[in-house]
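For reference, the structure is listed below as structure tokens.
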Amino acid sequence: MDVARANRTAVERMMSARPMLRTVATAGEVIPGMHDRLLLHAGPPIEWERMSGPLRGAVIGAVLFEGWAEDEEEAARLAESGEVEFAPCHHHGAVGPMAGVISPSMAVYVVENVTHGNRSFSTLNEGYGKVLRYGAYSSEVLDRLRWLNDVMAPVLREALSDSEGLDIRALLAEALHMGDEGHNRNKAGSLLLLKLLAPLVARVAPDPKVAAAVLGFIGENALSVLNPVMAACKAMADAAHGVEGSTIVTAMARNGTDFGIRVSGIGDRWFTAPAGTPKGLYFSGFSSADANPDIGDSTITETAGIGGFAMAAAPAIVAFVSGVPSDATNATLEMYEITVAEHEHFTIPALDFRGTPTGIDIRAVVELGITPRINTGIAHREAGIGQVGAGLVRPPAEIFEEALLAFAENRGI
Amino acid sequence: MTVLRSAVRRGAYRDSIVLMQLQAALAEFPGVEDAGAVMGAPENLALLEARGLFSDAVPDVGPTDLLVVVRAKTASAADEALERIDDLLRREATDASASFRPRSLEAATRVLPDARWVLVSVPGRFAADVARQAIALDRHVFLYSDNVPLADEAELKRTAREKALLVLGPDCGTALIGGIGLGFANRVRRGDVGIVAASGTGLQAVACSIHALGAGISHAIGTGGRDLDTDVGAITSLQALDLLRRDAGTRVIVLLSKPPAPEVADRVLEAARRTSKPVVVAFQGYEAAGSGYEASGDGSLYFASSLADAARLAVALTGREPAEPATTSTRQPTGAGLAPHLRGLFSGGSLALEAVLALRDRVKPLFSNVKADGAAALPDPWRSQGHTVVDLGADEFTVGRPHPMIDNDLRVQRLRQEAADRDVGLILLDVVLGYAAHPDPAAELAPAIADALRPDLAFVTIVIGTEEDPQRVEAQIERLEDAGAAVLRDVGEAVGYSLNRLGLAGATAERPETGGAIPGPATGDSGDPATDSAAAGPTIDHAEAPGVALADLEAPGVINVGLESFRDALALQGADVVQVDWRPPAGGDRRLIEILEKLRR
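Set out below in structure tokens:
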């Protein structure tokens, strides 16, 4: 098929996908292919030896959480032994922020694209500070994971069973008009989530204290909505995957060591290169010397046309990347150059309600030398210390070139 | 002892003007003797080598790498200069980044949707592809870039014609569209003379002369020097004649070119006749007598013998009383004996050709890198011999370096080289003013002239420009004269003056003037000049090709891809313009470029 037409088809599938947050369930029961000794992780495939600090820490934490080992040393030995299998979240319809580790017992959001029928999954966001996704595995971290699993998850499952599901696409469209870009800034979206969940939770919670704890946790965590948003973006991107002849990117993801992309018309192959280190602002006491290379599946937001691509909607966070609101506008304008569509549902008031740049075309990336712009958090390179800053990163240009060469080869060019 | 130090910025593309500013700034540092800043294409490295700015110690670079080389008295002086590179480049970047700068043509069309013109001045090997994209986006193309293959030119022009679009160029230096100058252009008043020209500086010279004579220009459409080649078949010239035929504001047309192939000439002259407007034809160097191109019996074609003659004829045909021509140098020859040889160092190709044509029967042997009967090919364009006229804007000089109308470095170097030859008694220079040309050429040429003068060496300059040009022609003339140069305003006069100074006047009988008597005003053969396409009979030559919209010639908006000085010049004229922040596609990687082209189709 003609590349332009194939891309049109792919991006129309991406935009017409309607992801609904259906329920909360246990990973091992809902994620296809999930099994007893499998850990999912962010980014393209990677083995233990090459994992960076935060990812190793998260793996150890997940092994302890599952009770496969008694302590840190034993957990590390087990991970190294090959008795635990690793696979990218992306291979199982899932996505995870930062280390993105999902183990079989963890509670996950289940998002369904009601237009095309595909489903996607992500864990419940743990909030700030010492958290598994940054590689922390202290008892405090494991206790919070247990609370999420044992207290919050059943309440949310019950609450959502009373609804037809929450329309995450509509939530995102609204959040973009409230100063979010859907990746680094999720304040508005998290409050919208709270608004939608509050009456449902109030109705089903076993007692007011539990309701208060659950709603308080969601409301105080400005990243609460990030995980369902990522799952929604995954559902939208997956709908665009596998269109023959399409050069649209359907996954961008980092495992803390490598940055990888997948392309709609090239099947399931990853194109990878060493991940860069984000440029940005650091929390006090930290500097770029503390930064881990880029990590996490949250680049699925940019893949679906929000995040760094919708920067013009979120002038409040331009300080992370340099300075003035016009920089935010220019960031979005730049992304129009490498995308094939303007989103039908996600619009930007400051740009006269123009749709966000959607559907990254590897041809445009290679031709113009403009790589996608990604807003991201920055992880400490040592396990368990947590987030040290936030900023801007771009994928390595060569993975787009390699993908284009592979695409051309498949077509006999 | 001097030291050579270099620095490389991989993948940091900058246009040649920015590089020039960088090297000029570096050369100002204390202890620095010379500095070069180029993109690492082989031809640029050769230029550095020629300037003594290359050694084996310079690292390997490719065409997308920025290479800076500094020659200084001491290593520390060189290093201090090199440390400032990023600051100097950043200042350049921040100055210009106030608003969004699109990287692709497509994005630019969204920034300025009404812009109907795309001005392309990227390096030649990328230019055809940019032009192709512009045509695909339904825009007219002004293609300044040179070194574009002839086959690409023919293909571009055919494709454009199908879509009722114009491709001016490649190697098109100038145009005046609706009073706005594209590329190098002088500020001339608007009027009723239209110009179609396959020569850039020829167009500028004629437009300036017409302005000086009190008339003005409706539109002046450059076509590129090869438009009348057999392979191209005058596609753009024919479209342009058709446009001027339909344009109510044009009463007289000037058609300017090197002599075309006979079959092409027939078609173009036939089209000229069909405009039903008087057409002044200046085929530079073409001998009217006996060639079969005599003025047509219906009196609509007038053959001019020179650029100045073409301007005079055109103004007379408008029925206007010509104004007093601008006064030229009154500085009288000093009468001192000059060394024997003449050297012409030109920035304008058509002006160089005009000089060769005026000189060829008077001085022998005459060498030139301009092709013309009566002039021998200069074996090495970098070295003059005997009497020589060099076009320093020719392709062999402009690969990887700015045009001599923008950058005087090469000309000043060559001027010193000629002056060092004791047999040289007269150096002839053109100084072309106008938008996008060097902002103050006299500031660089005058000191070089004053410095090189000797009792047996004279300088003669031809200043092309108007009093409304940004450089202020009077100030330029004054400084050139103060430096000791004679100043004239057209090539013919300057050559006559020069021959006189060299004692060569009257060496050969003058060629007969072919223009003959100045005609009276055109009356129009059939009442009012035909101005409406429906009323003016069939569209010229290619009945099936749609005509270009006249509206596209008025208040043109422009997308500028390439030299930022062209953007600045357009902004100065009040035109709507958007700059594309262009880089070589796919970083210049040939395999990737090939794939991208195939996938686009």
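The listed protein sequences correspond, in order, to chains R and X.
According to our numbering, the residues represented by the first sequence are 1 to 413, in order.
According to our numbering, the residues represented by the second sequence are 1 to 601, in order.
The C-beta atom is built at its ideal place from N, Cα and C for all residues, glycine as well.
Small disclaimer: the values here were computed from a predicted structure and weren't measured.
query: Taking the alpha carbon of L171/R as the point to measure from, which residue in R18/R, L78/R and E398/R has its own alpha carbon closest?; result: R18/R
query: Whose Cβ in chain R lies nearer than 9 Å to the Cβ of A41/X?; result: Within chain R, no residue comes near A41/X; the closest Cβ sits about 17 Å away, beyond 9 Å.
query: Given a threshold of 16 other Cβ atoms within 10 Å of its Cβ, counted over all protein chains shown, does Y128/R qualify as buried or as exposed?; result: exposed
query: Nearest to V225/R by alpha carbon, out of G100/R, F320/R and A175/R?; result: A175/R
query: Looking at V68/X and V561/X, is the spacing between their C-beta atoms short of 8 Å?; result: no
query: Any beta-carbon of chain R closer than 8 Å to the one on G562/X?; result: no
query: Grouping DSSP H, G and I as helix and E and B as strand, with all else coil, what is A451/X?; result: Sequence inspection shows Asp at residue 451/X; the Ala mentioned does not correspond to that position. DSSP places D451/X in helix when its eight states are reduced to three.
query: Quick one: Cα of A328/R to Cα of I317/R, how far?; result: 9 Å
query: Name, please, each residue of chain R whose Cβ falls closer than 8 Å to the Cβ of A586/X.; result: V366, E367, G369 and E401
query: Could you work out which residues of chain X lie near Y336/R, taking near to mean beta carbons separated by less than 7 Å?; result: A107
query: Roughly how many angstroms lie between the CA atoms of L307/X and L313/X, to the nearest whole one?; result: 10 Å
query: Given that a residue counts as buried once 16 or more other Cβ atoms are within 10 Å of its Cβ, and exposed if not, what is R133/R?; result: buried
query: Please go through the same chain and pick out, in chain order, the residues whose beta-carbon is closer than 7 Å to the beta-carbon of R605/X, but skip the five residues on each side of it.; result: In the structure as shown, chain X begins at 1 and stops at 601. Residue 605/X is therefore absent and cannot be evaluated.
query: State the start and end residues of the unbroken beta strand (DSSP E) segment that holds H345/R.; result: T339 to I348
query: Straight-line CA distance for A6/R to G245/R?; result: 6 Å
query: With a cut-off of 8 Å, does the C-beta of A253/R fall near any C-beta of chain X?; result: no
query: Pair every Cβ in the region 273 to 281 of chain R with every Cβ in the region 62 to 78 of chain R, then say whether three or more of these pairs are closer than 8 Å.; result: no
query: Which value, in whole angstroms, describes the spacing of the CA atoms of N149/R and P113/X?; result: 55 Å
query: State the beta-bridge partners of W117/X as determined by DSSP.; result: H140/X and V558/X
query: Can you give the Cα-Cα distance for V8/X and L404/R, rounded to whole angstroms?; result: 28 Å
query: Distance check for G179/R and A188/R, CA to CA, integer angstroms please.; result: 7 Å
query: Would you check if the distance between the CB atom of M20/X and the CB atom of D407/X is smaller than 8 Å?; result: yes
query: Tell me whether F184/X sits in a helix, a strand or coil according to DSSP, three-state version.; result: coil
query: K279/R bridges to which residues according to DSSP?; result: L392/R
query: Give the DSSP-derived three-state secondary structure of S16/X in the structure shown.; result: helix
query: Could you work out which residues of chain R lie near S112/X, taking near to mean beta carbons separated by less than 9 Å?; result: The sequence shown places Leu at residue 112/X, not Ser. Within 9 Å Cβ-Cβ: nothing; L112/X doesn't reach chain R, min ~13 Å.
query: From K279/R to S104/X, what distance separates their C-alpha atoms?; result: 25 Å
query: Nearest CA to the CA of R454/X: which residue from D421/X, H438/X and D430/X?; result: D421/X
query: How many whole angstroms separate the CB atoms of I374/R and F400/R, which I take to be in contact at a CB cut-off of 8 Å?; result: I374/R to F400/R, Cβ: 14 Å. No contact.
query: Which chain R residues are close to R583/X, counting only those with a beta carbon under 8 Å from its beta carbon?; result: L368 and G369
query: Taking the C-alpha atoms as reference points, what is the distance between T257/R and K598/X?; result: 34 Å
query: Is it buried or exposed for L324/R, if we count other Cβ within 10 angstroms and need 16 for buried?; result: Before going further, note that residue 324/R is Val rather than Leu in the sequence given. Exposed, by the Cβ-count rule.
query: For D242/X, count neighbouring Cβ atoms within 10 angstroms of its own Cβ and tell me buried if that reaches 16, exposed if not.; result: buried
query: Does the beta carbon of I595/X sit closer than 8 Å to a beta carbon anywhere in chain R?; result: yes
query: Kindly indicate which residue of I385/R, F309/R and H380/R has the alpha-carbon position closest to the one of T356/R.; result: F309/R
query: So if DSSP puts S6/X in a beta bridge, which residue, or which two residues, is it bridged to?; result: V69/X
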